[in-house]
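Protein chains in written order, with the working numbering: chain A, 1 to 305; chain B, 1001 to 1305.
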């Protein structure tokens, strides 16, 4: 009955492994080599230049600006999107008027959940175009149009070095809150309801219930969400590429530049492939580093119930 | 929020508790709860408006004439003209971009699920030397940022004639989404009982028949979750098509809209651009409303596990 076992294994794995090796593993492996070359332009010539690209990277102000923007986002975005997500998920699931000591969400909870989550399904590039119109520097944009109503002059949101970066972060929060609401809703749903009921009967305040029951019992999920949000903050390519001034330059004056976009520009606008790949390796190192320290910091005893 | 809908003293089955301290504690929670409820609705509603308003504004603007768009951000369209939609669909090529996206994503998701389930099934249920190595090779792909591979991938894709080709892009999507599919489906196949596969063998099914006719149908819920995640991911891809598809006839929708938004040719066709955005949102909205439950549970399963 187990005839042809190895023939099946080889037959089943051969195609996927070849595809994966050629299109994923091989490029990843190659990138470490390419980062040590002076490969530029579309010629096949590439010379090994050792660590020169990495030396250059350390002295490159745009690299440091991009990295700072990514890391700042990795701190700011989780705080806002996960904070708001947790807040709304709690409201929607356990803040409702209770009937006979049963916990329930506010009225219309499922409507809110659907609305909040919808932006997450739209392509981030489409959202970037949409919000560029919202941020339009004249009074025709939605935001400046609104400020006009209350007598504030139009602000050049994406064109000013002071506001551009924060305007883009706000869009990312706008997109991602609904996703975390969904994730935390599922986590809260798995908490036994009698824990809430017991706490309520004991007269615990909402605030105490939130910190003593909800947060500890869904801490695993919060932790995964923090890592997920932090790693996402290291990308930000699509939104910056679409929303930054002058066609994806990461401007004005690199004020919205992030590593992903800088790698893209270095490779495909300036044709400096070796250097762009060294930047890619740097991004990879930062990603791993960030994942490790987040998990370290977040470690906390798991509550078993 | 109240723990009980009426004061306990009026309830004959529940005499007033003896401890006054506990009672007053509960009253406080009660009062705090009621104000919280008003606040929670205000917060929830505010966020819902913040989510809906930009989307609604985009839809309304696509019905306005360019003059109306340039006069006031808040005016309603004078007449509901569909001109801009026709222009967006035909002259601005949104129709073509839609078709391209549909071809790439449907082929990409089909291949990702097909190959991914095959690999996962073999890894999960056939112990053989090298089994773990193959599993870790695939899972490693989850931790590397695509930016690391993008330069070598660009050249690999060109030399294999996969650039500027819709099936080529679908193959590349498949390769990059395989780690995700393999990771989650392997866990899923491990949970399926051995007895049914064994029964199929005794009945004389070969390995392939057992996979396609017995195991794959049993894995349906897992396939749906992974399928939703992969569909949303591939539908929203931006970096890969931007780098690999330089021929405007091959653009996918996100890339097409982003390039329309910065191209001089369409810079003055405001209503056309808004119509393009609206057109790109409608199918997502329809699919979401129809498959809301599956999408939400699929997203949560993929994100939390």
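We put the beta carbon where it would ideally sit given N, CA and C, even for glycine.
Quantities reported herein were computed from a predicted structural model and do not represent experimental measurements.
From what residue to what residue does the alpha helix (DSSP H) around residue i run?
{"i": "residue 1241(B)", "result": "1239-1244"}
{"i": "residue 91(A)", "result": "83-94"}
{"i": "residue 1183(B)", "result": "1166-1191"}
{"i": "residue 1231(B)", "result": "1220-1235"}
{"i": "residue 1210(B)", "result": "Here residue 1210(B) belongs to no alpha helix (DSSP H), and DSSP marks it neither H nor E."}
{"i": "residue 258(A)", "result": "Taken as a continuous stretch (DSSP letters only), residue 258(A) belongs to no alpha helix (DSSP H), as it is neither H nor E."}
{"i": "residue 1131(B)", "result": "1131-1140"}
{"i": "residue 1271(B)", "result": "1270-1290"}
{"i": "residue 11(A)", "result": "5-20"}
{"i": "residue 224(A)", "result": "219-233"}
{"i": "residue 1075(B)", "result": "Residue 1075(B) -> no alpha helix (DSSP H), and no H or E assigned at all."}
{"i": "residue 73(A)", "result": "61-77"}
{"i": "residue 1203(B)", "result": "Unbroken run through residue 1203(B): none, as it is neither H nor E."}
{"i": "residue 24(A)", "result": "No alpha helix (DSSP H) contains residue 24(A), which DSSP labels as neither H nor E."}
{"i": "residue 1086(B)", "result": "1083-1090"}
{"i": "residue 107(A)", "result": "Here residue 107(A) belongs to no alpha helix (DSSP H), and DSSP marks it neither H nor E."}
{"i": "residue 1094(B)", "result": "1094-1125"}
{"i": "residue 1259(B)", "result": "1253-1262"}
{"i": "residue 1341(B)", "result": "For chain B, the structure presents residues 1001 to 1305; residue 1341(B) sits outside this window and is missing."}
{"i": "residue 212(A)", "result": "First-last for residue 212(A): undefined, no H or E at that position."}
May I have the straight-line CA-CA distance separating residue i from residue j, to the nearest angstrom?
{"i": "residue 105(A)", "j": "residue 250(A)", "result": "42 Å"}
{"i": "residue 236(A)", "j": "residue 124(A)", "result": "9 Å"}
{"i": "residue 1038(B)", "j": "residue 1090(B)", "result": "49 Å"}
{"i": "residue 1290(B)", "j": "residue 1099(B)", "result": "21 Å"}
{"i": "residue 288(A)", "j": "residue 222(A)", "result": "19 Å"}
{"i": "residue 1021(B)", "j": "residue 191(A)", "result": "Legend: pLDDT at residue 1021(B) = 41, less than 50; position of this residue unreliable, value from coordinates given subsequently. Each residue's alpha carbon lies about 28 Å from the other."}
{"i": "residue 142(A)", "j": "residue 1049(B)", "result": "13 Å"}
{"i": "residue 1023(B)", "j": "residue 197(A)", "result": "Residue placement at residue 1023(B) cannot be trusted, given a pLDDT of 41 that sits under 50; what the coordinates show is reported in the next sentence. In a straight line, the C-alpha of residue 1023(B) is about 15 Å away from that of residue 197(A)."}
{"i": "residue 1060(B)", "j": "residue 107(A)", "result": "29 Å"}
{"i": "residue 1292(B)", "j": "residue 49(A)", "result": "53 Å"}
{"i": "residue 1277(B)", "j": "residue 122(A)", "result": "10 Å"}
{"i": "residue 1287(B)", "j": "residue 33(A)", "result": "44 Å"}
{"i": "residue 1140(B)", "j": "residue 285(A)", "result": "14 Å"}
{"i": "residue 118(A)", "j": "residue 1229(B)", "result": "14 Å"}
{"i": "residue 244(A)", "j": "residue 258(A)", "result": "11 Å"}
{"i": "residue 161(A)", "j": "residue 9(A)", "result": "57 Å"}
{"i": "residue 256(A)", "j": "residue 1157(B)", "result": "30 Å"}
{"i": "residue 204(A)", "j": "residue 1051(B)", "result": "33 Å"}
{"i": "residue 1179(B)", "j": "residue 158(A)", "result": "37 Å"}
{"i": "residue 281(A)", "j": "residue 1270(B)", "result": "40 Å"}
{"i": "residue 1280(B)", "j": "residue 1095(B)", "result": "10 Å"}
{"i": "residue 1040(B)", "j": "residue 93(A)", "result": "11 Å"}
{"i": "residue 134(A)", "j": "residue 1054(B)", "result": "7 Å"}
{"i": "residue 181(A)", "j": "residue 1295(B)", "result": "14 Å"}
{"i": "residue 171(A)", "j": "residue 202(A)", "result": "42 Å"}
{"i": "residue 62(A)", "j": "residue 234(A)", "result": "15 Å"}
{"i": "residue 1087(B)", "j": "residue 1275(B)", "result": "9 Å"}
{"i": "residue 56(A)", "j": "residue 1147(B)", "result": "19 Å"}
{"i": "residue 1202(B)", "j": "residue 1212(B)", "result": "16 Å"}
{"i": "residue 17(A)", "j": "residue 184(A)", "result": "36 Å"}
{"i": "residue 1138(B)", "j": "residue 1260(B)", "result": "37 Å"}
{"i": "residue 187(A)", "j": "residue 1123(B)", "result": "30 Å"}
Pull the bridge partners of residue i from the DSSP assignment, please.
{"i": "residue 245(A)", "result": "251(A)"}
{"i": "residue 48(A)", "result": "37(A)"}
Please check the pair residue i and residue j, which I expect to be a contact at CB under 8 Å, by giving their CB distance rounded to whole angstroms.
{"i": "residue 1243(B)", "j": "residue 31(A)", "result": "Rounded, the Cβ-Cβ distance is 14 Å, inconsistent with contact."}
{"i": "residue 177(A)", "j": "residue 88(A)", "result": "7 Å"}
{"i": "residue 1191(B)", "j": "residue 1200(B)", "result": "Contact flag wrong, Cβ pair sits at about 17 Å."}
{"i": "residue 1109(B)", "j": "residue 1237(B)", "result": "Going by Cβ atoms, the distance from residue 1109(B) to residue 1237(B) rounds to 12 Å, so no, they are not a contact pair."}
{"i": "residue 73(A)", "j": "residue 169(A)", "result": "6 Å"}
{"i": "residue 40(A)", "j": "residue 271(A)", "result": "6 Å"}
{"i": "residue 1197(B)", "j": "residue 1215(B)", "result": "6 Å"}
{"i": "residue 320(A)", "j": "residue 129(A)", "result": "As shown, chain A starts at 1 and ends at 305. That puts residue 320(A) outside it, with no answer to give."}
{"i": "residue 1104(B)", "j": "residue 1188(B)", "result": "Rounded, the Cβ-Cβ distance is 26 Å, inconsistent with contact."}
{"i": "residue 38(A)", "j": "residue 260(A)", "result": "Actually they do not touch by this definition, with Cβ atoms about 23 Å apart."}
Q | beta strand (DSSP E) segments (min. 3 residues) lying fully within the segment 111-197 of chain A | A | none
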